[in-house]
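*Asks:* Pasting a structure below so you can have a look.
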Amino acid sequence: MENTSPPPSNYAQPIPNNDRLIVSIPFGYTYFTKPINTVFEALNSSDWRTREAENALITTTLAQISAAPSIGSQIVHLIPENSAIFDNLPQLRATVARMNQEYSNYDIITILNEFRVSDFKLTVSIIGSCDVRRQIHDIRLAIMQSFNPVMEIIIELDASSGTCYCFDENQQVKPEFCDLLKQIASFTCSSIYMTGSTEDSFMFHLHIVGHRDQVKEAENKVRLGLDDLNPHLYSDYFELESLSLLPLIAGPTLANLKRIIREADCTMYLPNVLPELYYEEGKKYAALDKKPRIFITGLRSLVLQAKNSILQVVQKISKTPFMKQLSVVPLKREMLIMGRSKSLMLRKKAAITAEQQHRSVNYMLNSYQAMEDVLNGAGNAENADLQGFPLESIMYTTGCYIAVPPFGYESGNETGDVVTFQGNSMESVENAVGQFVLLLSSLYSSQVEFGCLESPAYQGVNINKFLNFCDTLASNADVAVSSVKFGTTYVIQMLGSAEKTRIGTNYLSQLESYLNENVERINVQFQLELPNQERDFIAGKKNGKLVKISNSASVTVQLLPFTDHNFIVELSGETLEGSVYGLGLLEQELPESMMFNIPESFHRQIIGVGGQTVQTIMRKFNVFIKFSNSFEMGDRPLDHHHLGQAANFGQEFVRKNNVLIKCPAKNRMQITPARVELSRLVEKVITGSYISSEIRLSGAQWRLLTSEGFNGMFNRGKKRPTNFIMEVEKHTNTYIRFPGPDTPYTSSPVEITVYGSEANHRSALVELQRLLPYCYRLCVKKNGRFKDLKAVAENVSKFLQNPSSLRKLQLHFLDNVIVPVRIMYNVELQLLETSDVAEHSNFVNIYYYPTSFGCPFNTMKAERLSKDRLAHVTKNELFQQMLTTVKDALDKFHMKVVSESAHPESLDAKVKENAARVDTDSVKRPISIIKPNTSRGGKGKRGGSRNMMFRRDNIHQFDSPGNKVTGSALSNIANVGYMGFLNQDADPSLLVANPGQTYQGQGNQLYKAPQFGYQGAREGQEHIQIENRNPQLEPSFSTLNQGSDLRRMPGNQRPNNSVMRDLNYEYTGYQNQKKW
């Protein structure tokens, strides 16, 4: 263990030698030193200390609150010459001095140990009599309330980019920008300075240093100021009634804000979602009582559009949101927050300055995968500020707000602190609670009791040595320590992460030799919290897992009830080694899981008949796999305020996790291979069983389909709102692949792909066709300006990279036509330029939904409007107002409207057969016709005229080499089912049905094969027709009456010709190799 040497024991004040209570708390030490050479600086002088100031502090007051003065010189060595340091020590030093003065009458001593500041560690130890527990508790709260780590954010500025308007033509910082930085530093009480890059003279770094809330607010103001210097950009803000609305507005995985940013091509700066996390900041900023604001920058009209989109989302949030409360042990909550501050400390130790989550939503869009990876334990801490304290990630992942009491808060509630969860849906609240409970499960508590022998020559223990031991234990193991000594008994309690608690417990083995005690007995107890749903998993069948652990390590394991969400696993032993070994065995049985999404349309094929396929995977990898139907998630209301209601409004296009892979921790390495195996099965279904269609939509159509207006209309009156993609998938049992929320709008068409069986696939295309926006087309005379208008209508984002390239007429068309009709009527414009030279017109397509103009229209149930109803809509007064706006703008640009009419819209769908099903280079689709059964030819007879009913989509005609049927051609075709009868008159085809078998010889050998029905094979057939079915799935055959009455006969019943002749059936079914 690093740095195990205890600090010097020559504390300034003597500690009486009697029964004592010692509390040791580890804190992270963070500091920043100002560079000597700065381009600009605006410092809060009260936060910075020079070497001289630190030396003066050491020689005066430091010795009264800490260890020997020589220890304090550690800080001096961190300060460069002619520089200054900013750290989180002054508040702690002042509080410790004040506590020693106020509680001197209670014989309580508080010690701030700065011995390990070079390792970014601080510890505060409080020692007093067991009779003054309450006073010691008050001191601990006061110290935690004074703790406030410092942090830094760095903004890179490129003076040569041409888009950074804070520099002049000589790459010098503009005076007005310097004045702005001084105002921001003064207002937020933070320090701002700028340094130049040594590698590139045109790169500058703007440093913002201060406490958390100060830095967050200063960063938003600096970035907003940079945008305000751009003459082409406009800034505005949207004021929130409460900060608790922010995650609800953002939606799961920030989907709502991503969509709004993508539609409006703007930048958003979010307020700090966890302000006042530290007690001192809460008091400082509570007096301001200002409402949180979302700042938006971009082109003026698009900023107004973004504000309107946010307003639409806010209006859909119910006044009675879904809420839930959870009781939490106060010290565990504080350890979670301290874990966050220590992550900053570790990042500083690695020379990383990255607490940049809220720089802007655009930043979050680029780094969200990193945030997600860190939450899943796979990311790099450099890319996110969530590793130590992932509450922000939980909020933005689930779209649920979490209200956490600040560090050092005391509720006075005997049941613990209350953490409140608030979301738009029952599902988001439950997900947030579940993830928070998992955070609590990562904290272990241990209690070790040592009973020592008292010999006649016993002189008592040196309390100073015991204090040093507890202080070193808290620092090196990074756990909170509470130690009690009464008589010859020592009781040491620890709380920390799983790994740190084990390290601390092992460290206790040195107590006997360090204190020179003779230990007679030891009692060890570990406690950890787990979600209630894991109770059966951890216990095993008939408590078999617990019994095995108890027998292997000589420990006792109990499962104790705790809260509505958690239970406690308590492990007890009589030796340190045995207890730690038993804890290791218990941890091997703890659940490890992974959740992800597999579309519902694949579940049946992956699970297999009777679950055989998925059970094979479970046995192969020794994991448990559970499939859920995400369409039915959230059926149960959360409380009596939401009876029958599952969500306040439809969630964005985010697929829910519906597959769970779980196993004991000892088998965690098999989770990823099991997921890969499931992914292979999905790919196999896609390539082997499904057909697909690629649908190309214009950007205007896709924007309208994903708009808040359309989905609000789509979810009107629904108790479980959703989106149109999920609804189509649910109704048709298909999978629709669509662009993700991070995909920007471009001039290229938007491609979505529909996967499914033939019938379901066709149904999905019909549903999507029904949902397409309606189109009204204007034909306008060709004009040279049309190309410019088309460019800004298709993709305005490319102009934002260089706003000066945006022409005046383009900006006018955007501000006065595109955005107004989008906001007022939910209408999108598409400009099409004809390539035909002889054509004298270009087209302007106006996409809309009739509901925007007062026409009642149910998108999922009603058919497309008839021509008469559509004409009634287009003659509506509102529609004519919108049309006049567009026409007037086009006329102003000398683009006269030649004609106008409703334009029929159809899906641009390209059906693709998968290569695994059909060799597309050698397939021709035969057209088969159903004819009445006019022949009475029997089995095996060449005569007779029977036509099998072939389904055009799954009957394929193969041209074999040399126009002859060969055995290899037959054997290479997978999943071949029974092919029916041969029609001698229509097509001399050979129809066979034994999958995987090589056929050799002439057709008459096939005719004599006993496993076939009527063969009618002829020698030297030229073609083969095959119905692509799997006979193992349905060992039966279906028959079709001429009146289209579909019937099915039992799989074990063999039909005869008389039955077929008398009932006048056409045989169309499958042949199973074992049964008919």
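Using the UniProt record's numbering, read the sequence shown as starting at 1 and increasing by one per residue.
We treat Cβ as the ideally placed atom computed from N, Cα and C, and that holds for glycine.
What residue does the beta strand (DSSP E) around C400 start on, and which one ends it?
*Replies:* Where C400 is concerned, the enclosing beta strand (DSSP E) stretches over C400 to A403.
*Asks:* Leaving out five residues on either side along the sequence, give the residues of the same chain with a beta carbon under 6 Å from the beta carbon of D1045.
*Replies:* For D1045, the predicted structure reports a pLDDT of 35, less than 50, and the residue's modelled location is therefore unreliable. A value from the coordinates is still provided. Nothing listed; no residue qualifies.
*Asks:* Roughly how many whole angstroms lie between the Cα atoms of L336 and L311?
*Replies:* Cα to Cα, the separation comes out at about 34 Å.
*Asks:* By how many angstroms is the C-alpha of I136 removed from the C-alpha of residue 1135?
*Replies:* In the structure as shown, the chain starts at 1 and stops at 1076, and residue 1135 therefore has no counterpart that could be examined.
*Asks:* Just to confirm my understanding: we take F786, look at its own chain, exclude 5 residues before and 5 after, and list those with CB closer than 6 Å. What are they?
*Replies:* So the qualifying residues of the chain are N842.
*Asks:* Under a Cβ-count criterion, where at least 16 other Cβ atoms within 10 Å of its own Cβ denotes burial, should M882 be classed as buried or exposed?
*Replies:* Counting Cβ neighbours within 10 Å, M882 comes out buried, since at least 16 surround it.
*Asks:* Which term fits D639, buried or exposed, when burial requires 16 or more other beta carbons within 10 angstroms of its beta carbon?
*Replies:* For D639, the predicted structure reports a pLDDT of 48, less than 50, and the residue's modelled location is therefore unreliable. A value from the coordinates is still provided. Under this definition D639 is an exposed residue.
*Asks:* For Y269 versus L224, is the C-beta spacing smaller than 8 Å?
*Replies:* Result yes, Cβ atoms of Y269 and L224 sit closer than 8 Å.
*Asks:* What residues in its chain sit with their C-beta under 8 Å from that of L92, if we drop five residues either side in the sequence?
*Replies:* Counting only Cβ-Cβ distances below 8 Å, and skipping sequence neighbours, we find F27, L112, L122, V124, I143, S146 and F147.
*Asks:* Would you mind working out which of S509, Y234 and E499 sits nearest L299, comparing C-alpha positions?
*Replies:* Among S509, Y234 and E499, the Cα nearest to that of L299 is on Y234.
*Asks:* What's the call for G584, buried or exposed, on a 16-neighbour Cβ count within 10 Å?
*Replies:* It counts as exposed.
*Asks:* Please report the straight-line C-alpha distance between I402 and Q880, rounded to a whole angstrom.
*Replies:* Taking the straight line joining both Cα atoms gives about 48 Å.
*Asks:* Since I568 and V557 should fall inside the 8 Å C-beta cutoff, what is the C-beta to C-beta distance between them, to a whole number of angstroms?
*Replies:* 11 Å between Cβ atoms; not a contact.
*Asks:* What residue range is occupied by the uninterrupted beta strand (DSSP E) comprising D908?
*Replies:* That run of the beta strand (DSSP E) goes D908 to K912.
*Asks:* Let me make sure I understand the geometry here. Which of Y735, G339 and F466 has the alpha-carbon closest to that of F602?
*Replies:* Answer by Cα proximity: Y735.
*Asks:* For K324, which option in M426, Q101 and F627 has the closest C-alpha, if you only look at C-alpha atoms?
*Replies:* For the residues M426, Q101 and F627, the minimum Cα distance to K324 belongs to M426.
*Asks:* Which of the three DSSP states is assigned to S922 in this structure?
*Replies:* With a pLDDT of 37 at S922, under the threshold of 50, the modelled position of this residue cannot be trusted, and the question is left open.
*Asks:* Just the Cα atoms here: how many angstroms apart are N362 and I208?
*Replies:* The predicted model places N362 with a pLDDT of 39, which falls under 50 and marks its position as unreliable; any figure quoted below should be read in that light. Cα to Cα, N362 sits roughly 20 Å from I208.
*Asks:* Quick one: what's E902 bridged to in DSSP?
*Replies:* Looking at the sequence itself, residue 902 is Ala, so the reference to Glu does not match. Answer by DSSP bridge pairing, in chain order: Y776.
*Asks:* By a C-beta neighbour count over all protein chains shown, 10 Å radius and 16 as the cutoff for buried, is G504 buried or exposed?
*Replies:* Its Cβ being crowded by 16 or more others within 10 Å, G504 is buried.
*Asks:* Nearest to V479 by CA position, among E454, R696, G496 and H840, is which residue?
*Replies:* For V479, the nearest C-alpha among the options comes from G496.
*Asks:* Using DSSP bridges, identify the partner residues of F177.
*Replies:* F177 is not bridged to any residue.
*Asks:* Would you call the stretch 427 to 442 and the stretch 505 to 525 in contact, with 3 or more CB pairs under 8 Å?
*Replies:* No, the stretch 427 to 442 is not in contact with the stretch 505 to 525.
*Asks:* Say whether the stretch 815 to 824 touches the stretch 880 to 899, bearing in mind that this needs 3 or more beta-carbon pairs closer than 8 Å, one atom from each stretch.
*Replies:* Short answer: they touch.
*Asks:* Does the beta-carbon of E156, which I'm using as the reference point, lie nearer than 7 Å to any heavy atom of the ligand HEM?
*Replies:* Looking for the ligand HEM in the displayed structure turns up nothing, as the structure carries no ligands at all.
*Asks:* What does E664 pair with, by DSSP beta-bridge criteria?
*Replies:* Position check: residue 664 holds Pro in this sequence, whereas Glu was assumed. Per DSSP, P591.
*Asks:* Assign F537 to one of three DSSP states: helix, strand, or coil.
*Replies:* Looking at F537 - three-state DSSP - the assignment turns out to be helix.
*Asks:* Considering only C-alpha positions, which residue in the set L907, V23, V303 and G196 is nearest to L331?
*Replies:* It is V23.
*Asks:* Have a look at S446 and F526 and give me their C-alpha separation to the nearest angstrom.
*Replies:* S446 and F526: Cα-Cα distance of roughly 4 Å.
*Asks:* Using alpha carbons as the reference points, say which of Y165, K221 and I296 lies closest to I231.
*Replies:* Reading off the sequence shown, one finds Pro at residue 231, where the question assumed Ile. The shortest Cα separation from P231 among Y165, K221 and I296 belongs to Y165.
*Asks:* Tell me where the beta strand (DSSP E) around V555 begins and ends.
*Replies:* Per DSSP, V555 belongs to no beta strand (DSSP E) and is neither H nor E.
*Asks:* How long is the line joining the alpha carbons of L809 and A700, rounded to whole angstroms?
*Replies:* For L809 and A700, the distance between alpha carbons rounds to 21 Å.
*Asks:* Is the Cβ-Cβ distance between I463 and V481 less than 8 Å?
*Replies:* Not closer than 8 Å, so no.
*Asks:* So what's C266 in DSSP terms, helix, strand or just coil?
*Replies:* Note: C266 maps to coil in three-state DSSP.
*Asks:* Can you give the Cα-Cα distance for L907 and L768, rounded to whole angstroms?
*Replies:* Rounded to whole angstroms, L907 to L768 spans 8 Å at the Cα level.
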